[in-house]
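For reference, the structure discussed in these notes is given below.
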Amino acid sequence: MSTELPEPASKIELKPGVGGGGEIPSFDITLRVRRFLPEATADAYWEDFKLTMYGTDRVLDALHKVKWEHDGSLSFRRSCAHGVCGSDAMRINGRNRLACKTLLKDLDTSKPITVEAIKGLPLEKDLIVDMEPFFQSYREIMPFLISKGHEPTKERYQSAEDHAKFDDTTKCILCAACTSSCPVFWTDGQYFGPAAIVNAHRFIFDSRDDAGDMRLEILNDKEGVWRCRTTFNCSEACPRGIQVTKAIAEVKQAILARTV
Amino acid sequence: MSVSIPAPRSQRIDPKYKRGPKSHGSFEKLAWLFMRLSGVVLIVLIFGHLFTNLMVGEGISGISFGFVAGKWAALVWRVWDLVLLWLAMLHGANGVRTIINDYAEKHATRAWLKGILYVATIFIIVLGSLVIFTFDPCVTGSELAQCL
Ligand code: HEM
Ligand code: SF4
Ligand code: FES
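What follows is the structure, given as structure tokens:
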């Protein structure tokens with residue numbers, strides 16, 4: 003009684019054994035996590051977890067495995083798990099990375115993989131830091147469009163060339179990987195930091211914005227752009243590939259060009 | 002045993018991170034510019050200095066009291082060395098000032114280190130300038146030709 007269904011046009015014949023989950027290589031890793039449980043101990047300490055992971059897994063998957071299957075007290079932030087929200091910046095093998103964008107297979111799995119909270123911000127628990135000082139600097143540079151004159155009836159027109167001037171800095175997801183990789187920020191947390199400058203750059207060089215001078219004045223502070231020592235840690239850390247040090251240099255030049 | 006931990010953001014922002022009032026003027030900007038401009042001039046001054054002292058004529062073995070006296074008989078070398086002294090000292094001192102700002106964590110440490118730095122810098126600039134301006138080749142016992 004069954005009616006013969008026509009074969010789908012896209013059907014591909016697979017050899018037996020191909021197409022299952024089996025061929026994803028698995029390997030054993032040691033995840034060395036910097037734990038800090040303020041209710042239990044005064045000091046932070048390292049804890050090792052031995053895990054079997056797969057070639058498609060990221061550091062975030064390893065953290066999930068620990069939290070869901072080994073130790074539910076492990077605390078870390080994550081939301082999107084796909085490099086969009088900026089919640090899970092951490093120090094992985096000594097470099098600031100997003101846990102959700104770092105594949106385990108790209109790291110040296112023969113040695114323990116170290117995972118720590120980002121540096122320079124107050125540690126609250128395990129991999130969670132207080133981001134408030136970071137966002138305070140972000141707020142201070144006024145990260146919103148300020149435009150004088152009449153509001154246009156349609157869109158605010160901008161040429162492709164004008165947009166290209168700040169396209170790079172629009173990509174920021176406020177993960178704090180840059181600011182917390184900066185040795186000048188580590189010392190006393192007074193420096194505005196790369197992320198605030200990147201987001202100021204995004205409006206300073208926007209032809210539709212009229213408050214560039216105000217932002218330049220804010221960053222002309224003794225804790226502003228002049229504290230940058232061009233160590234390039236920020237550019238190296240940025241998960242969005244933003245040329246952070248270049249953006250800072252452009253802001254320095256804009257301050258010089260307007261007010262020498 | 003229960004430990005009470007303050008609510009994480011009860012004080013909103015850790016006081017350590019509160020920035021002081023906005024700085025007035027553009028001292029840091031001028032200092033930044035000065036480092037680059039003096040650096041460019043220093044390349045010429047330093048390598049000119051090294052070349053004339055170490056390469057020309059008898060080279061390094063020719064350096065003596067008489068060599069310096071001979072050089073400073075010409076006004077151009079006095080001016081050269083004076084500018085070199087001032088630029089290198091101010092450039093170096095400002096560089097060390099930046100390093101202190103970058104590495105000292107406590108306000109008091111920072112103030113002390115910078116105080117010592119400024120005193121040392123002024124001392125060396127004044128002493129060096131004094132030598133260049135008041136240099137007399139004919140000190141007692143000098144065997145230079147023009148002093149005999
Ligand atoms: C050859 C000529 C020189 C050039 C082109 C040069 C250039 C520079 C520049 C551009 C900076 C700023 C770096 C920054 O802001 O990150 C700097 C810093 C510095 N310079 Fe020079 N300089 C020269 C000679 C000297 C001399 C003779 C001294 C010592 C008296 C000196 C001591 C310093 C120090 C201590 C710093 C701070 C280092 C730092 O900020 O990391 N420099 N130099
Ligand atoms: S500039 Fe890059 S590293 Fe810095 S906060 Fe933005 S996305 Fe993160
Ligand atoms: S969890 Fe959203 S960026 Fe990694």
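Keeping their order, the protein sequence lines are chains A and B. Counting from 3, one number per residue, gives the positions in the first sequence under my numbering. Counting from 2, one number per residue, gives the positions in the second sequence under my numbering. No residue lacks a Cβ here, since even glycine has one placed at the ideal position from N, Cα and C.
| Asked | Found |
| --- | --- |
| Short-range partners of chain B found in the region 172-194 of chain A, where Cβ spacing is below 8 Å | P185, V186, T189, D190, G191, Q192 |
| Alpha carbon of B/T135 to alpha carbon of B/S62, nearest angstrom | 26 Å |
| Those residues, in chain order, that have a beta-carbon closer than 7 Å to some heavy atom of ligand 3 | A/L62, A/R80, A/S81, A/C82, A/A83, A/H84, A/G85, A/V86, A/C87, A/G88, A/S89, A/D90, A/L100, A/A101, A/C102, A/K103, A/I175, A/C177 |
| Inter-residue Cα distance where the pair is A/R204 and A/E219 | 15 Å |
| Three-state secondary structure (DSSP) of A/F38 | coil |
| Below-7 Å beta-carbon distance, A/K113 vs any chain B residue | no |
| Buried or exposed (CB count within 10 angstroms, at least 16 for buried), A/C177 | buried |
| Coil, strand or helix - A/K52 by DSSP | strand |
| Contact residues within the region 113-143 of chain A, judged by C-beta distance below 7 Å to chain B | P124, E126, D132, E134, P135, Q138 |
| Sequence-distant residues of its chain with Cβ nearer than 8 Å to B/R111 (five each side left out) | I101, N102, A105 |
| Proximal residues to B/V42 (C-beta, below 8 Å), its chain only, five neighbours per side dropped | V84, L88 |
| Contact with chain B by A/N222, beta-carbon distance below 7 Å | yes |
| Cβ contact check for the region 233-240 of chain A and the region 170-189 of chain A: 3 or more pairs under 8 Å | yes |
| Within chain D, the residues that B/K115 reaches when beta carbons sit closer than 9 Å | Checking the listed chains, one finds no chain D in this structure; the protein chains it contains are A and B. |
| Between the CA atoms of B/D82 and B/L51 - distance to the nearest angstrom | 12 Å |
| Cutoff 7 Å: A/E225 Cβ touching any chain B Cβ | yes |
| Pocket of ligand 1 (residues with CB nearer than 6 Å to any heavy atom), chain order | A/R231, A/T232, B/M36, B/R37, B/G40, B/L43, B/I44, B/I47, B/A89, B/H92, B/G93, B/G96, B/V97, B/T99, B/I100 |
| Min CB distance A/W228 to chain B below 7 Å | yes |
| Assigned exposure category for A/D59 - 16 Cβ within 10 Å defines buried | buried |
| Residue range of the alpha helix (DSSP H) that includes B/L34 | 28-55 |
| A/G214 classed as buried or exposed, judged by whether at least 16 other C-beta atoms fall within 10 angstroms | buried |
| Beta strand (DSSP E) segment containing A/A125, residue limits | Correcting the residue identity first, residue 125 of chain A is Leu in this sequence and not Ala. Per DSSP, A/L125 belongs to the beta strand (DSSP E) from 125-127. |
| Heavy atom of ligand 2 within 6 Å of A/R242 beta-carbon | yes |
| Test: B/Y18 CB closer than 7 Å to a CB of chain A | yes |
| Limits of the unbroken beta strand (DSSP E) element including A/A91 | 91-94 |
| Spatial distance of A/F78 from B/F48 (CA atoms) | 55 Å |
| Assigned secondary structure, A/E142 (DSSP; H/G/I helix, E/B strand, else coil) | helix |
| Per-residue contacts from B/S39 into chain A (C-beta, under 9 Å) | Under the 9 Å cutoff, chain A gives no residues; its nearest Cβ is about 16 Å from B/S39. |
| In DSSP terms, what A/D30 is bridged to | A/T54 |
| 7 Å Cβ cutoff, B/I47 in contact with chain A | no |
| Cβ-based neighbour list, B/N54, same chain, cut-off 7 Å, excluding 5 preceding and 5 following | I64 |
| Within chain A, the residues that B/Y104 reaches when beta carbons sit closer than 7 Å | T189 |
| A/I148 burial status per 10 Å Cβ neighbour count (16 or more: buried) | exposed |
| C-beta contact flag for A/L62 and A/R80 at 7 Å | yes |
| C-beta atoms of A/V200 and A/Y193 nearer than 7 Å | no |
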